[in-house]
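Asker: Attaching a single structure in structure tokens format; questions to follow.
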Amino acid sequence: MIRWIIFLLVCASITIAQPIFTNDDVEICNSKFQLAVEKELHNKPINEIIIELGKSFIGLDYEANTLEKGDKEELVIHLTGHDCYTFLESCIVFARCIQKEDTSFRCYQKELENIRYRNGKLDEYPSRLHYFSDWIYDMNRRGIAENITKKIGGEPYDNFVNFMSTHPNSYKRLEQNPDFVKEIEKIEKEISSRKHFYIPQTKIKSVEDKIQSGDILGITTNIEGLDISHTGIAIRLDNGRIHLLHAPNVGKKIEISEKPLAEYIQSKKNQTGIMVTRVLPSL
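Have a look at this one:
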């Protein structure tokens, strides 16, 4: 009896992080699942489900810093606006739930934590997969998605990351928690020690036939200390070319790029190429 009381007291002292969301987020989630039912998306390959969900977000406002709510790291569900990462994240999460035929808000929460955090577990701020090449590595390692960059012609990519640890004042949680900076620095060193590959911007067009709609694109950058500066979803249009389905920037809305992917990236001075990740079936 005493052991049981002690156990209950210990459990009561543990603070369980609760997801942060609004009624609007629940309604949007339900509407996306309803769309899946109407279009029988559970019968389609996962890349096609991702595209259908992605297109359903076209016209939604770009919204930055949506994950930085509260004073500590919690599972933030924010569907009323997206940045480039949270957009593709939502599409993947919805697709995985739909393919599992579990269209519950609870499933969305579980899958969101699963792909946002290292090893699928929310701990503290450093457990979030902040660097996108680290996200690719973690998804590949856990069999959620496959990094196909090298397979389709990728070249070695020198990827030394240290932007977060050298710019802690740009990140609210790092500024408030100096100990997190040390943890982030360790993570950066591990990321930098890995072998990375990318498709240089001048060779993207030559490998377009190996990229399929629904592939996840990480756009590499020449900004010092960063690996990837933008993300999006590959989509092949009627012209036969791969375009970018993405949330472009502040003040803009989710869209399909007017230019094909190769030309789009060549027009951006800080974008050097792409990493390509293919989401695997969740069954």
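In my numbering, the protein residues as written are 4 to 286.
Just so you know, even glycine gets a beta-carbon here, dropped at the ideal spot from N, CA and C.
Nothing here was measured: the structure is a model prediction, and the numbers come from that model.
Buried or exposed for residue 159, please, with buried defined as at least 16 other CB atoms from any protein chain shown within 10 angstroms of its CB.
Answerer: One-based indexing of the sequence shown puts residue 159 at position 156. Exposed: under 16 other Cβ atoms inside 10 Å.
Asker: Output needed for residue 52: all residues of its chain with C-beta closer than 6 angstroms, excluding positions within five of it in sequence on either side, in chain order.
Answerer: Here residue 52 is taken as the residue at index 49 of the sequence shown, counted from 1. Cβ neighbours of residue 52 beyond the five flanking positions: 44, 98, 101.
Asker: What separation, rounded to the nearest whole angstrom, lies between the Cα atoms of residue 25 and residue 214?
Answerer: If you number the sequence shown from 1, residue 25 lands on position 22. If you number the sequence shown from 1, residue 214 lands on position 211. If you take the alpha carbons of residue 25 and residue 214, they lie about 36 angstroms apart.
Asker: Excluding five sequence neighbours on each side, which residues of the same chain lie with their C-beta closer than 6 angstroms to the C-beta of residue 271?
Answerer: Sequence index remark: in the sequence shown, residue 271 carries index 268 (1-based). None.
Asker: Report all residues from its chain with a CB closer than 8 angstroms to the CB of residue 126; omit the five preceding and five following residues, and keep chain order.
Answerer: Taking the sequence shown and counting its residues from 1, the one referred to as residue 126 is at position 123. Here the set comprises 76, 120.
Asker: Can residue 130 and residue 194 be called in contact, C-beta distance under 8 angstroms?
Answerer: Here the question's residue 130 lines up with position 127 in the sequence shown. Here the question's residue 194 lines up with position 191 in the sequence shown. Contact: no.
Asker: Report the CB separation of residue 1 from residue 164 in whole angstroms; it is logged as a contact under 8 angstroms.
Answerer: No answer is possible for residue 1: the residues shown for the chain start at 4 and end at 286.
Asker: For residue 200, which residues does DSSP report across the bridge?
Answerer: In the sequence shown, the residue the question calls residue 200 occupies position 197. According to DSSP, residue 200 bridges with 159.
Asker: Near residue 286, which residues of its chain fall below 8 angstroms by C-beta distance, leaving aside the five closest residues on each side in sequence?
Answerer: Indexing the sequence shown from 1 puts residue 286 at position 283. Cβ within range, chain order: 102, 103.
Asker: Contact defined as beta carbons within less than 8 angstroms: I believe residue 42 pairs with residue 55. What is the distance between those atoms, to the nearest angstrom?
Answerer: Here residue 42 refers to the residue found at position 39 of the sequence shown. Here residue 55 refers to the residue found at position 52 of the sequence shown. Contact flag correct, Cβ pair sits at about 6 angstroms.
Asker: What does the alpha-carbon distance come out to for the pair residue 273 and residue 112?
Answerer: Taking the sequence shown and counting its residues from 1, one reaches residue 273 at position 270. Taking the sequence shown and counting its residues from 1, one reaches residue 112 at position 109. Rounded to the nearest angstrom, the two C-alpha atoms are 34 angstroms apart.
Asker: For residue 71, tell me which candidate among 267, 128, 110 has the shortest Cα-Cα distance.
Answerer: The residue labelled residue 71 in the question sits at position 68 within the sequence shown. That would be 128, whose Cα lies nearest to the Cα of residue 71.
Asker: Tell me which same chain residues have a C-beta within less than 7 angstroms of the C-beta of residue 59, skipping the five on either side of it?
Answerer: Position 56 of the sequence shown, counted from the start, is the residue given in the question as residue 59. Result list for residue 59: 35, 38, in chain order.
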